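Working notes, structure below.
There are 2 protein chains.
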Amino acid sequence: MPKGSGAGGERPRLRTMEELSVAIGVSRPTLSRYFQDPDSVSRSSRERIARGLERVEYVPNFFATRMNRKSTGMIGVIIPYLNDLFFTKLQQSIEFAAMEAGFTVIVQCSHTTPEVEARAVETLISMNVDGAIVAPLGDNSDIAAMERLNRRLPFVLVDSRPGALSHVDYIGTEHSQSMGLMTEYLSRVGDPPVFLAMPRVNFNALNHERAYLDKMEELGLEPQVVGTEEIEPGAHYEAHGELALGREFAEGRLTDRSIICVNDRVAIGALRAAARFGLDPGARRKGGLRIAGHDDYPLCPFLVPSLTTVGQDVDAIGQAAVARLMKKIRAENSLTDHAVTLFPGVLKLRESA
Amino acid sequence: MPKGSGAGGERPRLRTMEELSVAIGVSRPTLSRYFQDPDSVSRSSRERIARGLERVEYVPNFFATRMNRKSTGMIGVIIPYLNDLFFTKLQQSIEFAAMEAGFTVIVQCSHTTPEVEARAVETLISMNVDGAIVAPLGDNSDIAAMERLNRRLPFVLVDSRPGALSHVDYIGTEHSQSMGLMTEYLSRVGDPPVFLAMPRVNFNALNHERAYLDKMEELGLEPQVVGTEEIEPGAHYEAHGELALGREFAEGRLTDRSIICVNDRVAIGALRAAARFGLDPGARRKGGLRIAGHDDYPLCPFLVPSLTTVGQDVDAIGQAAVARLMKKIRAENSLTDHAVTLFPGVLKLRESA
DNA sequence: GAACGAAATTTACGCAGGTAAAGAGTTAGC
DNA sequence: GCTAACTCTTTACCTGCGTAAATTTCGTTC
């Protein structure tokens, strides 16, 4: 028994409000009101309860409290996968915003699997969350599950929106603008840029590609897309970027072009491919190799060379999503408009392009 | 109204099992048993219920179900922060292992704040989770809260263990071994290595530093630690690594030494500092600059140069933590031993050292 | 065909606490 | 000094479901 530290450890533990009420001589309903809002009971009761709680260990049962209240005070969040700093950053900004609004956040991860995503939806519904924010698995998402969510509770999509859900509230980045920005910039400073894509087209990958194509057409330039086929099974993101671009370099292609990667993770692989072929991507030289990404992954400034990219305002997206959700929750379905908020991307010019 | 897709959308929605029982002509308790385990009711009832569920929309209330069961089927996980791929990877392996065991995972993030961590502990307790896995905030953690958790339910610490909690089960990496491995390797191939530390010493940073010092003493070499002071407020991890090592380089120091960084994120900053000073860290040359990290951050192989580091077996840690927790849950506190499982680190030799 | 069991279902109560309505206590007004 | 008006507390019932015990069902055996 190495520890018996402090007085905190030895307080008698009470299981129910009933026990607590006899322990400190206040009726159970009064306690119930106290725990929901201490100011809803008289000052004398409040102080008496506060003193009592110092002498015992008691935590109201989460399930019992949430079961009966009209509002559970919880919002559900579903993100597609964990090993991506973009989504964890988004989750973080949502958690902070929700905390500020006095809500508890329940996070579920779909782990890139539609079945898991659908199960997460069921879990959130069964928990009676007051609302849900979902970053979907793109077009792989279980549309029916999303529809159910949308019918049953206040619901906001973030990051991307499957085509079939165009009637659902959506907060994200204005991808056509943000990708257009990069396309335009690179067209201005060098040869027409090439788009490095991903094979498993999901999420915003398609939007990015389309935005690139549109902008190229607008500029009267010939678009070129590489990296659409799977090169090695299981090689995604960074690995795919390195392999796909490495293959081009090996054939002597693209070594002096501007490469727009579908996102920063692919761009990291692209930088690696360049290094492997002794190439030095950078904004410095006219006509030289340039590599750019999209998303402004937190590590971008620290890469060698630091990665030029388009920043998404993740904090704004998270906050706006929570704000919109709060509005819908308070309005109790009397809201008929459906909101789409798109934040513009911001060019982050660094060394790589 | 753009969508009315599928038959799934129009099914009548039932709120309670009671309603469902009259709707499909089976008693409510039978339904209750069905939802816990379909095989616990007769085949005829099972099929009847299954058919009925296709015609209506019903999801059992999560709170009501969990409130009465002896087991909630949930385990709680607390991680210190989100913007770190190490912890998200750990979380992922825990989620997969728990899913396999048929448990739902509730994740809470402490966001580097002891108060938030303590609140997360209260939330888990109030939810009656069957057990908890906590990656603590190091010595900043609210020890009393952890003690409470440990008294009330099966509890396992992962990643690091505050000194005051040495009596709690712990699963992690054998840091003295893993850091020793790197120290030894670098001592063998070049000049005595220097340790690049972090100012806000928390988590395993101190363990790493101590392991380095011990190994250096064992090897009869003079240890040297840099980067312990805060250089710029708010500059953590990568930024700190770049600033701290950059300062040394600017003074002409350490440019041909081996640098062991306290972790990979700091090492990424260190690589950046080297690039800024035109230095090319690598294993290639005798006596040249070498930079190594610790953790095997998923991006390490894709950095330029790819980062030599020590890999932690995150999957093994997550799985072992869940396995230990399951054992404790099944044993219902009859377990008196307290387990410590440390996985050895594995040298990942790459280009940078 | 009746009696016997095993299996399945139903009855009845419990969980921990929310909340409307009734009751008690206090202050204010006359 | 008494009643009105208000505040706070308590009574009593409710939530949605788990589960032990009681009951029914059904197939089997004698």
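Taken in sequence, the protein lines are chains C and Y. For the first sequence, full-length UniProt numbering assigns the number 1 to the initial residue and increments by one for each residue that follows. For the second sequence, full-length UniProt numbering assigns the number 1 to the initial residue and increments by one for each residue that follows. All residues carry an ideal CB built from backbone N, CA and C; glycine is no exception. Computed from a prediction, not measured in an experiment: that's the story for all the values here.
Leaving out five residues on either side along the sequence, give the residues of the same chain with a beta carbon under 6 Å from the beta carbon of residue i.
i, result
"Y/VAL121", "ALA145, LEU149"
"Y/GLY76", "ILE106, LEU124, VAL129, ALA132"
"Y/PRO17", "The sequence given here has Met at residue 17 of chain Y, not Pro. ARG28, LEU31."
"Y/MET1", "Confidence is the limiting factor: at Y/MET1 the pLDDT is only 35, short of 50, which leaves the residue's position unreliable, though a coordinate-based value still follows. Counting only Cβ-Cβ distances below 6 Å, and skipping sequence neighbours, we find nothing."
"C/SER306", "ARG350, GLU351"
"Y/ILE329", "ASP130, GLY131, PRO154"
"Y/PRO60", "PHE35"
First and last residue of the beta strand (DSSP E) that includes residue i?
i, result
"Y/SER258", "258-261"
"C/GLY76", "74-79"
"Y/LEU137", "Note, Y/LEU137: premise wrong, no beta strand (DSSP E); not H, not E."
"C/LEU347", "346-348"
Under the three-state reduction of DSSP, which class applies to residue i: helix, strand or coil?
i, result
"residue 381 of chain C", "Residue 381 of chain C lies beyond the residue range present for chain C, which begins at 1 and ends at 353; the question has no answer from this structure."
"C/GLU57", "strand"
"residue 422 of chain C", "Because chain C in this structure spans residues 1 to 353, residue 422 of chain C falls outside the shown range and cannot be described."
"Y/VAL304", "coil"
"C/THR309", "strand"
"C/VAL168", "coil"
"C/LYS70", "coil"
"Y/ARG119", "helix"
"Y/LEU196", "strand"
"Y/THR104", "strand"
"C/ALA266", "Inspection of the sequence shows that residue 266 of chain C is occupied by Val rather than by Ala. The answer is helix: DSSP assigns C/VAL266 an H, G or I state."
"Y/ASP337", "coil"
"Y/LEU299", "coil"
"C/PHE96", "helix"
"Y/LEU342", "strand"
"C/ARG13", "strand"
Which stretch, first to last residue, makes up the alpha helix (DSSP H) that contains residue i?
i, result
"Y/VAL322", "314-331"
"Y/ALA292", "Run containing Y/ALA292: none in the alpha helix (DSSP H); it sits in the beta strand (DSSP E), 290-292."
"C/ALA23", "17-24"
"C/GLN177", "175-189"
"Y/ALA145", "143-152"
"C/VAL129", "Premise fails: C/VAL129 is in no alpha helix (DSSP H) and is neither H nor E."
"C/THR30", "28-36"
"C/LEU157", "No alpha helix (DSSP H) holds C/LEU157; the beta strand (DSSP E) holding it covers 155-158."
"Y/ASP214", "205-219"
Here's the rule I'm using: 16 or more other beta-carbon atoms within 10 Å means buried, otherwise exposed. How should residue i be labelled?
i, result
"C/GLY102", "exposed"
"residue 406 of chain Y", "This structure leaves residue 406 of chain Y out entirely; chain Y is present only between 1 and 353."
"C/GLY318", "buried"
"Y/ARG43", "exposed"
"C/ALA331", "exposed"
"C/LEU349", "exposed"
"Y/GLU209", "buried"
"C/SER258", "buried"
"C/GLY6", "Here C/GLY6 scores only 40 on pLDDT, less than 50, and its place in the model is too uncertain to base an answer on."
"C/ASP39", "exposed"
"Y/ASP142", "buried"
"Y/ASN207", "buried"
Please list, in chain order, the chain Y residues whose beta carbon lies closer than 9 Å to that of residue i.
i, result
"C/LYS215", "Simply none; closest approach about 28 Å."
"C/GLN92", "TYR81, LEU82, ASN83, CYS109, HIS111"
Residues of chain C with CB under 7 Å from residue i, in chain order?
i, result
"Y/SER21", "None at all; the shortest Cβ gap to chain C is about 18 Å."
"Y/MET182", "Correct list: empty, because the minimum Cβ distance to chain C is about 21 Å."
"Y/PRO12", "Near Y/PRO12 there are no residues of chain C at all, since even the closest Cβ is about 12 Å away, more than 7 Å."
In its own chain, which residues sit with a C-beta less than 7 Å from the C-beta of residue i, not counting the 5 before and 5 after it?
i, result
"C/ALA235", "LEU243"
"C/ASP295", "PHE86, ASN263, ASP264, THR309, GLN312"
"Y/LEU181", "VAL310, GLY345, LEU347"
"C/MET326", "ALA101"
Applying a beta-carbon distance threshold of less than 7 Å, which residues of chain Y neighbour residue i?
i, result
"C/THR88", "LEU82, ASN83, THR88"
"C/SER126", "VAL59, PRO60, ASN61, PHE62"
"C/THR255", "Here the premise fails: no neighbours, minimum Cβ distance about 16 Å."
Give the interface partners of residue i over in chain C, defined as CB-CB distance under 8 Å, in chain order.
i, result
"Y/VAL107", "VAL107"
Do residue i and the ligand HEM come close, with the Cβ less than 7 Å from some heavy atom?
i, result
"C/ALA164", "Within the structure as shown, the ligand HEM is missing, as the structure has no ligands at all."
Please work out which residues of its chain come closer than 8 Å, Cβ to Cβ, to residue i, disregarding the five sequence neighbours upstream and downstream, and give them in chain order.
i, result
"C/HIS338", "HIS167, VAL168, ASP169"
"C/ARG324", "VAL156, ASP169, ILE171, ALA339, THR341"
"C/ASP214", "SER176, GLY180"
"C/GLN92", "GLY318"
In chain C, what lies closer than 9 Å to residue i by C-beta?
i, result
"Y/VAL322", "Within chain C, no residue comes near Y/VAL322; the closest Cβ sits about 16 Å away, beyond 9 Å."
"Y/GLY269", "PHE302"
"Y/GLU238", "PRO298, LEU299, PRO301, PHE302"
List the residues of chain Y that residue i touches, going by C-beta distances under 8 Å, in chain order.
i, result
"C/MET67", "ASN61, PHE63, ALA64, MET67"
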